[in-house]
Amino acid sequence: MTLSTDHAPDTGDMSDRSVSRTEQIEQALEKLILAGEFKPGERLIEIDLARRFGTSRGPLREAMQALAARGLVEMARNKGVIVRSISTREAMGLYDVRAALFGLAGRILTDRLTDIMLETMYRFVEEMEVLAKARSFEDYYRKNLAFHDFLITATNNQVLATEYRGFVKKLHLCRARSLVQAGGLAVSNREHAEMIDAVASGDRLRAQEAFFRHVERAKIRFMSTIHEED
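In our numbering, the protein residues as written are 87 to 316.
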């Protein structure tokens, strides 16, 4: 994969180009990691990635350092750069904090809800229902991520959105399988409908509880996959 020239930086001094190139590579690597192309524990081979992205090693190393600072990769001595493996204990902690933040999002949304927002939410659920019945996991997973991101964006709270997305990106390293292995597509989407109904009711506490409970149940589904593997 070569980075698209549509996003190439404007001509300028070399440092400006390097910074822009680094950001492009960071975003591209993040997408590959979160999509599962690079698995937890897998080593990222610098020379291969430099060739793949058509770049020098400088911007690539800077991109990897940025991803390490955000907790997606590790810079391991004598091993190079490795995609992070999330321990069960850490995953549980991430789910707990994510649940609290998502519950807050539900509470905020209740006060900000518009007819257009509500229509969009129900449309998401209808589309995911079709995908769940077809057992189209990859498409459902992408739609699910878009739905959750829509809800967070709709709060119009940038601090909440930034913190929430940081936790979610780390959880991508371990959570995708839970929807499949625990047969969770239809169950997850029923919870989505419950969340929307709660927000539409105008009851802030009910909405907060529905959003919080959705993540708590996702944590339980994740735990069930660990027990199956054991």
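Each residue gets a CB set at the ideal place from its N, CA and C atoms; glycine is no exception.
- For Ala121, there is no enclosing alpha helix (DSSP H), since its DSSP letter is neither H nor E.
- In terms of Cβ geometry, Leu153 and Glu116 form a close pair [threshold 8 Å].
- Taking each of Asp289, Val254, Ile168, Leu204 in turn and checking the Cα distance to Glu128, the smallest one comes out for Ile168.
- In this structure, the CA atom of Ala279 is about 14 Å from the CA atom of Arg303.
- Taking each of Gly157, Ser222, Gly122 in turn and checking the Cα distance to Ala272, the smallest one comes out for Ser222.
- By alpha-carbon distance to Asp182, the top candidate from Phe298, Thr311, Ser310, Arg307 is Phe298.
- Its chain contains Arg292, Ala293, Ala296 as the residues whose beta carbon lies nearer than 6 Å to that of Ala284, once the 5 sequence neighbours on both sides are disregarded; these appear in chain order.
- Val301 is not bridged by DSSP to any residue.
- Nearest in C-alpha terms to Asp197, of all of Gln151, Leu237, Ala220, is Leu237.
- DSSP, reduced to helix, strand and coil, places Leu187 within a helical segment of the structure shown.
- Taken atom to atom, the span from the alpha-carbon of Phe253 to that of Asn164 is near 28 Å.
- Looking at the backbone, the Cα of Lys219 and that of Glu213 are separated by about 10 Å.
- Contact between Asp225 and Leu217 is confirmed by a C-beta separation of about 5 Å, below the 8 Å threshold.
- For Ile131, there is no enclosing beta strand (DSSP E), as DSSP marks it with neither H nor E.
- For Ala220, there is no enclosing alpha helix (DSSP H), as DSSP gives it neither H nor E.
- Here Asn275 is buried. Its C-beta has 16 or more other C-beta atoms within 10 Å.
- By the criterion of a C-beta distance shorter than 6 Å, Ala162 is surrounded in its chain by Ile168, once the five residues flanking it on both sides are discounted.
- Around the Cβ of Gly270, a 10 Å sphere holds 16 or more other Cβ atoms; the residue is buried.
- The beta carbon of Thr141 sits closer than 7 Å to the beta carbons of Arg107, Ile111 from its chain, once the five residues preceding and following it are set aside; these are given in chain order.
- For Leu195 against Ala240, the beta-carbon gap comes to about 6 Å, under 8 Å, which counts as contact.
- Within the DSSP secondary-structure output, Glu160 pairs in a beta bridge with Ile168.
- Counting along the chain, the unbroken alpha helix (DSSP H) around Ser274 starts and ends at 271-286.
- Relative to Glu148, the option among Glu132, Arg138, Arg137 whose CA is nearest is Glu132.
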